[in-house]
Each structure stands twice: as C-alpha cells, then as structure tokens.
Amino acid sequence: MFPQELKCPLCSLTELQIGGGMVSCLTCGYKSESNRYLNLLSIQNYSRPCPHCTTRALVDLEKTGLYKQQGPLFICFSCGKSWLPEEMDYCPECGDPQPREGFQELIICRSSVGFYVCRSCYNKTCSPE
Ligand SMILES: [Zn+2]
Ligand SMILES: [Zn+2]
Ligand SMILES: [Zn+2]
Numbered sequence: 005m006f007p008q009e010l011k012c013p014l015c016s017l018t019e020l021q022i023g024g025g026m027v028s029c030l031t032c033g034y035k036s037e038s039n040r041y042l043n044l045l046s047i048q049n050y051s052r053p054c055p056h057c058t059t060r061a062l063v064d065l066e067k068t069g070l071y072k073q074q075g076p077l078f079i080c081f082s083c084g085k086s087w088l089p090e091e092m093d094y095c096p097e098c099g100d101p102q103p104r105e106g107f108q109e110l111i112i113c114r115s116s117v118g119f120y121v122c123r124s125c126y127n128k129t130c131s132p133e
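In short: position in the sequence shown from 1, add 4, done, that's our numbering.
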C-alpha cells in the first residue's frame with residue numbers, strides 16, 4: 005500500500021492503483037495518465053527513469069516531502085513498482101536511483117579503490133574497446 009498522501013483527487017481515498025502508465029482509483033473510478041497525476045501533485049520535477057519500466061515516472065517520496073518514514077520510498081507512477089529505502093541507492097555516476105542488487109563494483113577499469121555504480125554505468129565504463 006502507498007502512503008496516505010497519495011490520494012485520489014476526486015474522492016480523497018487512498019486506494020490508488022498504478023499500472024500501465026495510469027493512476028486509477030478503485031472506489032470512484034478516477035483514472036489519469038501518470039504524468040498528469042504527477043503534475044497534479046506538483047512532483048513531476050522529481051521524476052526519474054524507472055529501473056523497471058524505463059519510464060520517467062519514478063519518484064523519491066522523501067524528496068517530494070511525501071514520505072512518512074515507513075513503507076516504500078521509491079514509487080514508479082507508471083508501472084506501479086515500489087522500492088523500500090534499503091532496496092535503492094543513488095548511482096554516483098548517473099545520479100539516478102537504481103536497485104541495489106544491480107550495482108557493480110568498478111575496480112578494474114578505473115581505480116584500485118573501487119566504488120559502486122549502477123549496471124548501465126558499469127557497462128558504459130567497462131565496455132570493451
Ligand atoms: Zn477516487
Ligand atoms: Zn516503472
Ligand atoms: Zn548509473
């Protein structure tokens with residue numbers, strides 16, 4: 005379930021469903037494109053590419069001030085996938101939030117110290133010449 009603040013704009017209930025690029029309310033039938041819903045909450049500027057569906061609809065709830073210190077911290081408003089705070093990390097290379105299990109340690113190709121970057125940055129940096 006999603007935090008209290010993600011309300012249906014019509015009936016103010018929190019039974020929102022996200023999927024297929026749409027945000028919809030089961031109770032009153034409200035349905036909107038993800039982007040429009042982000043606009044409505046004025047959080048569209050916080051959207052990042054979703055690691056799951058690649059749509060730019062992933063929102064860090066803490067940055068938007070919607071996070072209540074429990075439950076998922078990252079929500080994709082397009083595919084509906086959500087991540088707990090400990091499941092995501094910001095990649096130091098591209099600055100986007102990425103699932104932690106996708107991080108690779110860059111040691112061989114850049115320095116002996118080693119630091120963790122997301123998979124796509126890793127592939128970019130370490131791709132064979
Ligand atoms: Zn509703
Ligand atoms: Zn997604
Ligand atoms: Zn990256």
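Virtual Cβ for every residue (Gly too), placed ideally from N, Cα, C.
- Between the segment 48–55 and the segment 99–108, the count of Cβ pairs shorter than 8 Å is three or higher; the stretches touch.
- Per DSSP, reduced to three states, the secondary structure at residue 42 is helical.
- Contact between the segment 28–40 and the segment 91–100 is absent, with fewer than three C-beta pairs closer than 8 Å.
- Assignment of alpha helix (DSSP H) within the segment 46–78, counting only whole runs of 4 or more residues, yields 65–68 in chain order.
- Straight-line measurement puts the Cα of residue 51 at about 9 Å from the Cα of residue 80.
- Distances from the CB of residue 57 to the heavy atoms of ligand 2 include at least one below 6 Å.
- Per DSSP, the continuous beta strand (DSSP E) segment holding residue 94 begins and ends at 92–94.
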